[in-house]
Amino acid sequence: MSFFSYAWDWVTTSANWHGSDSIPQQILAHLGYCVLPLLIAALIAIPAGVVIGHTGRGAAFVVNVANSWRAIPTLGLLILLAVYLGFSVLTWLLPLVVLAIPPILINTYEGVAGVDPDVKDAARGMGMTSWEQVTRVELPIALPLVLVGLRTSAIFVVATATIAAYIGLGGLGRFIIDGLASNEYGPVAGGALLVVVLAVLVLALFAVLNRLVVPAGLRAQAKLGRTE
Amino acid sequence: MLTRSRTGGIAAIAAIALAAVAACSSSSSSSSSSSSASASSSSTSSNPLSQGGSSTSVVVGSANFPENELLATVYAQALQAKGVKVSTKLNIGAREVYYPQVEKGTISIIPEYNGTLLTVEVDKTSTAKTTADVDAALAAKLPSSLQVLNPAPAQDSDSITVTQATATKDHLKSIADLKPYAANMALGAPPEFKTRSDGIAGLKATYGLTFKSFVPLDESGPLTIAALQDGKVQAADVFTTTPQIVTDKLVSLADPKFNFAAQNVIPLVYKPAMNATIINTLNAVDAKLTTEALLQMDNAVITEHASYSTVAAGFLQAAGLS
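Protein chains in written order, with this note's numbering: chain D, 3 to 230; chain X, 322 to 643.
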């Protein structure tokens with residue numbers, strides 16, 4: 003049997019959709035483990051990225067730190083925290099926040115730093131304050147890249163939140179880890195398939211978000227840029 | 322009978338032919354009176370290595386984890402002290418690697434655990450639980466070239482373990498004592514404990530226990546210990562010789578009704594390589610080997626990084642076997 007037939011058989015077994023620890027419950031739990039880390043990472047990384055991009059100060063340092071930060075093994079950090087912190091909220095939250103920060107930070111920085119100097123000049127020439135330049139010109143222009151950063155982080159987190167199950171919590175990782183432990187491939191393949199489906203839904207969500215929040219002019223420009 | 326099968330064994334051990342030939346010549350001369358041979362060898366063995374050529378030679382092997390290597394070292398040193406010529410092959414691998422080697426005699430002695438030896442290698446369908454039943458099943462089902470000697474009281478088995486504080490507060494000694502408390506306790510164990518026959522279902526059937534919740538963790542590893550210490554779970558499945566039982570003051574509850582199958586330390590031996598000296602020596606070691614002693618030795622090796630040979634020598638000396 004192939005991966006897909008294992009996965010399909012398990013996902014389409016109706017018993018798996020009812021009762022405690024069923025698929026819908028674990029999907030909800032899984033999303034629960036994704037939202038908070040993303041929110042915290044965005045609250046840290048977007049302002050930091052804007053400040054660095056706007057001032058240009060400490061850019062090389064922060065970008066290098068953020069990039070090397072990506073080498074921190076999430077599962078290792080989780081177990082370390084479980085052993086030293088015990089089983090608090092921080093134990094699963096911190097590794098996912100650490101995972102989510104670099105893409106948002108780097109993309110926000112690149113987006114803000116890459117705003118056309120002529121546009122910045124014009125904004126300054128119009129008498130905008132620093133705050134106005136950032137919020138009304140630079141950030142809107144950087145928004146497509148900020149969204150790319152958020153999207154990348156969201157997919158990382160959706161795929162990696164499976165590790166919450168490693169410390170006895172729920173989420174889709176529960177199916178994968180329990181399945182492995184009892185040599186049942188159905189839940190392992192099915193759980194993995196559901197994670198992939200969630201990740202694709204996240205992609206779609208960000209496509210819609212991109213449409214809603216990026217100014218029409220920028221989108222038109224991007225389209226123009228592509229055809230040129 | 323003994324001599325004939327021993328010669329057959331030599332044919333199989335081409336790789337260590339030289340040592341084996343020496344063993345054969347000595348054994349054929351002493352097989353009729355092996356007890357007197359052992360007595361004389363032990364009385365003159367101030368330096369056991371010096372008279373190796375005139376005694377039997379065996380290979381003590383071990384699986385690839387610290388406790389097993391330690392046990393192999395204990396066996397090897399005890400045999401050396403009785404003048405048996407011993408070589409060791411530690412850290413061979415998992416059971417599927419070393420078991421065939423004992424079966425054909427390249428390894429003569431390996432420390433085993435009777436319960437898993439039976440259900441993983443010898444008879445997968447066995448439901449024997451107690452030490453006596455497991456050993457009887459092993460004696461009946463082992464291949465003809467293999468034999469198990471006396472089991473040690475020491476067990477490295479699953480156990481329901483609680484913190485010292487919980488044990489004192491609720492006066493817990495055995496799993497049965499959990500009856501009034503289980504409904505308020507979270508139980509931590511590896512994920513498969515949920516479906517294993519000696520897991521959730523076994524505890525309910527054997528002791529009538531239903532825990533408040535089940536928290537899937539790891540196999541008696543750092544997460545399980547941390548969860549116990551943290552109060553995330555109040556009871557957990559911990560192996561009885563896990564060093565943290567000593568360092569973190571945990572209490573493994575007794576299992577008088579054998580929910581978990583016995584896991585006594587037991588030497589698995591290649592029959593043709595045995596003689597009375599070897600068998601008596603290993604049985605004497607096993608008689609002194611309690612779970613508590615093994616736990617202390619594991620702790621010395623794993624937590625305090627003492628060498629296998631130092632820890633083994635210390636145990637044998639305390640037991641009067643060196």
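All residues carry an ideal CB built from backbone N, CA and C; glycine is no exception.
Inset, instruction - Please name the residue, chosen from X:Ala634, X:Val418 and X:Pro472, that lies closest to Val395 (chain X) on a Cα-to-Cα basis. - result: X:Ala634
Inset, instruction - For Val216 (chain D), collect the residues of the same chain with a Cβ closer than 6 angstroms to its Cβ; drop the 5 residues on either side in sequence, then sort them by chain order. - result: Leu145 and Pro146
Inset, instruction - Note down, in chain order, each residue of its chain lying with its Cβ closer than 8 angstroms to the Cβ of Leu80 (chain D), except the 5 sequence neighbours on either side. - result: Thr93, Trp94, Pro97, Ile165, Tyr168 and Ile169
Inset, instruction - Indicate the three-state DSSP secondary structure (helix, strand or coil) for Asp558 (chain X) in the structure shown. - result: strand
Legend entry - Asn580 (chain X) classed as buried or exposed, judged by whether at least 16 other C-beta atoms fall within 10 angstroms: buried
Legend entry - Contacts around Thr162 (chain D), its chain only, beta-carbon distance under 7 angstroms, and the 5 residues preceding and following it disregarded: Thr76, Leu98 and Leu101
Legend entry - Unbroken stretches of the alpha helix (DSSP H), 4 residues or longer, contained in the stretch 81 to 166 of chain D: 91 to 115, 119 to 127 and 141 to 162
Inset, instruction - Give, in chain order, every residue of the stretch 546 to 569 of chain X whose Cβ lies closer than 9 angstroms to some Cβ of chain D. - result: Ile546, Ala547, Ala548, Gln550, Asp551, Gly552, Lys553 and Val554
Inset, instruction - Please check the pair Leu549 (chain X) and Leu571 (chain X), which I expect to be a contact at CB under 8 angstroms, by giving their CB distance rounded to whole angstroms. - result: 7 angstroms
Legend entry - Span separating the alpha-carbon of Thr612 (chain X) from that of Asn604 (chain X): 16 angstroms
Inset, instruction - Would you mind stating whether Ile157 (chain D) and Val202 (chain D) have Cβ atoms separated by less than 7 angstroms? - result: no
Legend entry - Closer than 8 angstroms at the beta carbon, the chain X residues around Phe180 (chain D): Rather than Phe, the amino acid found at residue 180 (chain D) in this sequence is Asp. Result: Pro512, Glu513, Lys515 and Pro537.
Inset, instruction - Look at Lys494 (chain X) and Thr527 (chain X) and say whether their C-beta atoms are less than 7 angstroms apart. - result: no
Legend entry - Test item: CB-CB of Thr482 (chain X) and Val559 (chain X) under 7 angstroms: yes
Legend entry - Bounding residues of the alpha helix (DSSP H) (the contiguous stretch that carries Thr394 (chain X)): Pro387 to Ala402
Inset, instruction - Could you tell me which chain D residues have their CB closer than 8 angstroms to the CB of Pro543 (chain X), listed as they occur along the chain? - result: Ile81, Ala84 and Val85
Legend entry - Pair within 7 angstroms by beta-carbon distance, Ala473 (chain X) and Val586 (chain X): yes
Inset, instruction - Report the neighbours of Gly509 (chain X) on chain D: residues whose CB is nearer than 8 angstroms to its CB, in chain order. - result: Gly170
Legend entry - Inter-residue CB distance, Ala475 (chain X) and Leu610 (chain X) (contact presumed, cutoff 8 angstroms): 5 angstroms
Legend entry - Straight-line Cα distance separating Ile179 (chain D) from Met618 (chain X): 33 angstroms
Inset, instruction - Please work out which residues of its chain come closer than 7 angstroms, Cβ to Cβ, to Thr451 (chain X), disregarding the five sequence neighbours upstream and downstream, and give them in chain order. - result: Phe579 and Ala583
Inset, instruction - Look at the Cβ atom of Ala393 (chain X), then the Cβ atom of Ser643 (chain X), and state whether they are nearer than 7 angstroms. - result: no
Inset, instruction - Would you mind telling me which residues of chain X sit closer than 7 angstroms to Phe63 (chain D), beta carbon to beta carbon, in chain order? - result: Residues of chain X passing the Cβ test: none, with the nearest at roughly 34 angstroms.
Inset, instruction - Compare the C-alpha of Val407 (chain X) against each of X:Gly382, X:Asp519 and X:Phe386 and name the closest. - result: X:Gly382
Inset, instruction - Would you please verify whether the beta carbon of Gly173 (chain D) is less than 7 angstroms from any beta carbon of chain X? - result: no
Legend entry - Inter-stretch contact (C-beta, 8 angstroms, three-pair minimum) for the stretch 186 to 197 of chain D and the stretch 38 to 49 of chain D: no
Inset, instruction - With a threshold of 16 other CB atoms inside 10 Å of the CB of Ala504 (chain X), please say whether the residue is buried or exposed. - result: exposed
Inset, instruction - Can you tell me the Cβ-Cβ gap for Phe636 (chain X) and Ala608 (chain X), rounded? I've got them flagged as a contact below 8 angstroms. - result: Contact flag wrong, Cβ pair sits at about 13 angstroms.
Legend entry - Extent of the continuous beta strand (DSSP E) to which Gly509 (chain X) belongs: Ala507 to Ala510
Inset, instruction - Could you check which residue in X:Lys410, X:Val380, X:Ser378 and X:Pro387 has the C-alpha nearest to that of His626 (chain X)? - result: X:Pro387
Legend entry - Test: Phe89 (chain D) CB closer than 7 angstroms to a CB of chain X: yes
Legend entry - Short Cβ contact (7 angstroms threshold) for Pro39 (chain D) with Val150 (chain D): no
Legend entry - Distance, Ser447 (chain X) Cα to Leu439 (chain X) Cα: 7 angstroms
Inset, instruction - Could you pull the start and end residues of the beta strand (DSSP E) that Leu467 (chain X) belongs to? - result: Leu467 to Val469
Inset, instruction - Could you name the residues of the stretch 17 to 36 of chain D whose beta carbon sits closer than 7 angstroms to any beta carbon of chain X, in the order they occur along the chain? - result: none
Inset, instruction - Check the C-beta distance from Gly55 (chain D) over to Val91 (chain D) and give it rounded, since I have them as a contact under 8 angstroms. - result: Not really, about 31 angstroms apart at Cβ, beyond 8 angstroms.
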